[in-house]
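Notes for the one structure printed next.
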Amino acid sequence: MRNVFMALAAGLIAGCASAQMVEVDRVDPQALACLQKGGPAISYPAQDEKLRQPGHVRLSLKFTAPDRAPEVTVLFRAASEAMLDEVRWFVNGYRLPCLPAGAATVLAVQEFEFTPRVTDPITWTAPRAVAERDGTDASALQRPRALSCMRTPKEPPEFAGSSLQREVSNAFVELSFTAPDAPPEVKIAYASAGNAQVGVVTDYVRQYRLPCLQAGAKPYVVQQHFQFRPYGVGARVFKDAVPLTSFLSNVKGVRALRADFDLTTMACPFQVAWTLGKPALDNRIGEVGKPDLNRAEFLAWLAGLEMDMKERQFEQLVGQTVIVNVPCGKLKLEPQPG
Numbered sequence: 047m048r049n050v051f052m053a054l055a056a057g058l059i060a061g062c063a064s065a066q067m068v069e070v071d072r073v074d075p076q077a078l079a080c081l082q083k084g085g086p087a088i089s090y091p092a093q094d095e096k097l098r099q100p101g102h103v104r105l106s107l108k109f110t111a112p113d114r115a116p117e118v119t120v121l122f123r124a125a126s127e128a129m130l131d132e133v134r135w136f137v138n139g140y141r142l143p144c145l146p147a148g149a150a151t152v153l154a155v156q157e158f159e160f161t162p163r164v165t166d167p168i169t170w171t172a173p174r175a176v177a178e179r180d181g182t183d184a185s186a187l188q189r190p191r192a193l194s195c196m197r198t199p200k201e202p203p204e205f206a207g208s209s210l211q212r213e214v215s216n217a218f219v220e221l222s223f224t225a226p227d228a229p230p231e232v233k234i235a236y237a238s239a240g241n242a243q244v245g246v247v248t249d250y251v252r253q254y255r256l257p258c259l260q261a262g263a264k265p266y267v268v269q270q271h272f273q274f275r276p277y278g279v280g281a282r283v284f285k286d287a288v289p290l291t292s293f294l295s296n297v298k299g300v301r302a303l304r305a306d307f308d309l310t311t312m313a314c315p316f317q318v319a320w321t322l323g324k325p326a327l328d329n330r331i332g333e334v335g336k337p338d339l340n341r342a343e344f345l346a347w348l349a350g351l352e353m354d355m356k357e358r359q360f361e362q363l364v365g366q367t368v369i370v371n372v373p374c375g376k377l378k379l380e381p382q383p384g
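First residue of the sequence shown? That's 47 in my numbering, and the numbers climb one at a time after it.
Encoded structure:
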C-alpha cells in the first residue's frame with residue numbers, strides 16, 4: 047500500500063494546545079481533512095509547570111482504519127514521562143472517520159512543544175540550551191530548526207539501581223555536533239550522579255544525531271540536564287516569582303556585597319529570569335518581556351550571584367529558574383561589619 051505522509055505541528059503554551067497541519071508529500075491533500083480529536087484537551091503537567099520544565103515530543107501516527115486510534119511511534123523525545131503520557135493520551139483519541147476501508151495507510155508526524163508559563167517571552171543574555179562553539183547565542187530561527195531534526199533513541203535510558211539512591215543527584219552533559227551522521231562529542235559539564243549513571247547518560251546521548259547540520263558548519267552545541275531522585279521523593283521547586291529583596295536575602299555573602307544601581311533608568315518595573323547554576327555551572331540570566339540595554343550591568347551583576355544553600359538544596363534546585371520582580375527605585379548595598 048502507498049503511504050500518505052503528512053506533518054502536523056502542535057504548540058502548547060500555559061496549558062493550551064494549538065495545531066497546524068503542513069503537507070509533506072502531495073499524495074492526498076484531503077487525507078487528514080476529517081481528523082477528529084476526542085477527549086479532553088492536552089494539558090501541561092502540573093509538576094513540570096512548577097519546575098518551568100520545557101518539553102518537546104515528536105510522534106509518528108499511523109492510521110489504518112476509520113474507527114481505530116493511530117499506531118504511535120515516538121520519533122523524538124526531550125520531555126518528562128508525564129508530558130509523554132499527556133501526549134499519548136491525547137493522540138489516542140484521534141480518528142479518521144473518512145478513511146475508506148482498504149485505503150492507503152495514512153502516516154502523519156506531529157510535534158508537541160511544552161513551554162513554561164511566563165508573562166512574556168524571555169530574552170536570555172547568556173547561552174542557553176543551544177549555542178555556537180564560540181559562545182554566541184544561536185539565532186531564534188536556527189535553534190528550532192536544529193532541534194526539529196535531531197534524532198534520539200526511541201526508548202529512554204535505563205538506570206539500574208537508581209531507585210535505591212538516598213539523595214537527589216544531577217548530570218549536565220554538553221553535546222557538540224560536528225557532522226550530520228556522526229555521534230556528538232560529549233563533555234560532562236557537571237555531575238554529582240554516580241559513575242554508572244553518568245556512563246548510561248553518556249552512552250545514551252552518543253546515539254543522538256543532527257542530520258540537518260550542513261557540511262562545514264560550526265559545531266552545534268546542546269546542553270541537556272538529567273536529574274535522579276530517590277523513589278518517592280518529589281521535586282523541590284522555586285516559588286513562581288519573588289521580589290528582588292527576597293531574592294537577594296538568599297544570596298551567599300549578601301552582607302559583603304557592594305552594588306549601586308538606579309533601577310528607575312531601566313524601564314522599571316520589570317522581571318528577570320534567573321537560572322541556578324553556581325557554584326557548579328554558570329548561572330543564566332534573562333529578561334522577561336522587552337529587553338533594555340540599560341539593564342546590562344545590573345543583569346551581569348545578578349548573573350554572578352551565588353545562592354546561600356546547602357549541598358542537598360543545591361542538588362534539588364540546580365537548573366531551575368526563578369522569576370525575580372524588580373521594582374523602581376535605587377539598589378544600594380554596602381559591606382556590613384561583622
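Each residue gets a CB set at the ideal place from its N, CA and C atoms; glycine is no exception. Model, not experiment: these values are computed from the prediction.
(message) Between Ser194 and the ligand NAD, is there a pair consisting of the residue's CB and a ligand heavy atom that are separated by less than 6 Å?
(response) Summarising the ligand content, the structure contains no ligands, and the ligand NAD is consequently not present.
(message) Please tell me whether Ala346 and Gly332 are closer than 7 Å, where the distance is taken between their beta carbons.
(response) Along the sequence shown, one-based indexing puts residue 346 at 300. Along the sequence shown, one-based indexing puts residue 332 at 286. No.
(request) Label Ile168 either buried or exposed according to how many other C-beta atoms from any shown protein chain fall within 10 Å of its C-beta, with 16 as the threshold for buried. (result) Position 122 of the sequence shown holds residue 168. Buried, because 16 or more other Cβ atoms sit within 10 Å of the Cβ of Ile168.
(request) Please go through the same chain and pick out, in chain order, the residues whose beta-carbon is closer than 6 Å to the beta-carbon of Asp328, but skip the five residues on each side of it. (result) As a working mapping, residue 328 is identified with position 282 in the sequence shown. There are no such residues.
(request) State the Cα-Cα distance for the pair Asp339 and Asn296, rounded to the nearest angstrom. (result) To locate residue 339, count along the sequence shown from 1; it is residue 293. To locate residue 296, count along the sequence shown from 1; it is residue 250. What sits at residue 339 in the sequence shown is Leu, not Asp. Between Leu339 and Asn296, the C-alpha separation is close to 26 Å.
(message) Mapping the DSSP letters down to three states, classify Phe284 as helix, strand or coil.
(response) The residue you call residue 284 lines up with position 238 of the sequence shown. If DSSP states are grouped into helix, strand and coil, Phe284 belongs with coil.
(request) With a floor of 3 residues, list each beta strand (DSSP E) that falls wholly inside the region 99-125, ordered by position along the chain. (result) 101-109 and 117-124
(message) Looking at Arg123: is its Cβ nearer than 7 Å to the Cβ of Val155?
(response) Looking up residue 123 in the sequence shown gives position 77. Looking up residue 155 in the sequence shown gives position 109. Contact: no.
(request) Take Glu343 and list the residues in its own chain whose beta-carbon comes closer than 8 Å to its own, dropping the five residues that flank it on each side. (result) Translated into the one-based positions of the sequence shown, residue 343 becomes position 297. Excluding positions up to five away in sequence, the list reads Phe307.
(request) Have a look at Pro202, Ala242, Arg330 and Met196 and flag the residue whose alpha-carbon is nearest the alpha-carbon of Ala228. (result) Start at 1 with the first residue of the sequence shown, and residue 228 comes out as number 182. The candidate whose alpha carbon is nearest that of Ala228 is Met196.
(message) Quick check: what's the CA-CA separation for Glu361 versus Phe293?
(response) In the sequence shown, counting from the first residue as 1, residue 361 sits at position 315. In the sequence shown, counting from the first residue as 1, residue 293 sits at position 247. Rounded to whole angstroms, Glu361 to Phe293 spans 19 Å at the Cα level.
(message) I'd like the span of the alpha helix (DSSP H) that includes Tyr250, first residue to last.
(response) The count along the sequence shown starts at 1 and reaches residue 250 at position 204. Start and end: Asn241 to Val251.
(message) On the DSSP bridge list, what partners appear for Arg330?
(response) Mapped onto the sequence shown, residue 330 falls at position 284. DSSP, once it has assigned bridges, lists Thr321 as partnering Arg330.
(request) Express the C-alpha separation of Val288 and Gly101 in angstroms, rounding to a whole number. (result) Taking the first residue of the sequence shown as position 1, residue 101 is located at position 55. Taking the first residue of the sequence shown as position 1, residue 288 is located at position 242. So the two alpha carbons sit approximately 24 Å from each other.
(request) Pick out whichever of Lys324, Glu357 and Leu377 has its Cα sitting closest to the Cα of Cys314. (result) Residue 314 sits at position 268 when you count from the first residue of the sequence shown. Of the candidates Lys324, Glu357 and Leu377, the one whose C-alpha sits nearest the C-alpha of Cys314 is Leu377.
(message) Suppose you measure from the CA of Val152 to the CA of Thr198; what does that come to, to the nearest Å?
(response) For the purposes of this step, residue 152 is taken as the residue at position 106 of the sequence shown. For the purposes of this step, residue 198 is taken as the residue at position 152 of the sequence shown. If you take the alpha carbons of Val152 and Thr198, they lie about 24 Å apart.
(message) Could you compute how far the alpha carbon of Leu350 sits from the alpha carbon of Lys336?
(response) In the sequence shown, residue 350 corresponds to position 304, counting from 1. In the sequence shown, residue 336 corresponds to position 290, counting from 1. Inspection of the sequence shows that residue 350 is occupied by Gly rather than by Leu. Rounded to the nearest angstrom, the two C-alpha atoms are 22 Å apart.
(request) Just mark Glu127 as buried or exposed, buried being the case when its beta carbon has 16 or more other beta carbons within 10 Å. (result) Locating residue 127 in the sequence shown gives position 81, counting from the first residue. Flag for Glu127 reads exposed.
(message) Could you tell me the alpha carbon to alpha carbon distance between Thr224 and Pro116, rounded to whole angstroms?
(response) The residue you call residue 224 lines up with position 178 of the sequence shown. The residue you call residue 116 lines up with position 70 of the sequence shown. Each residue's Cα considered, the two are about 36 Å apart.
(request) Kindly indicate which residue of Ala239, Gln382, Leu348 and Gln82 has the alpha-carbon position closest to the one of Gln25. (result) The chain is shown only over 47 to 384; residue 25 falls outside these bounds and no answer can be derived.
(message) My output table needs one value for Ala305: the three-state DSSP class, helix, strand or coil.
(response) Working through the sequence shown from its first residue, we reach residue 305 at position 259. In the structure shown, Ala305 sits in a strand (DSSP, three-state: E or B).
(message) Going by DSSP in three states, Val152 sits in which element: helix, strand or coil?
(response) As a working mapping, residue 152 is identified with position 106 in the sequence shown. Note: Val152 maps to strand in three-state DSSP.
(request) Tell whether a beta-carbon distance below 7 Å holds between Val251 and Phe205. (result) Taking the first residue of the sequence shown as 1, we reach residue 251 at position 205. Taking the first residue of the sequence shown as 1, we reach residue 205 at position 159. No, Cβ-Cβ distance for Val251 and Phe205 is not below 7 Å.
(request) Could you check the C-alpha separation between Val232 and Met129 for me, to the nearest Å? (result) Reading the sequence shown from its first residue, position 186 is the one you call residue 232. Reading the sequence shown from its first residue, position 83 is the one you call residue 129. About 26 Å.
(message) Can you look up Glu157 in the DSSP assignment and give me helix, strand or coil?
(response) Stepping through the sequence shown from its first residue, residue 157 is reached at position 111. Here Glu157 sits in strand by DSSP.
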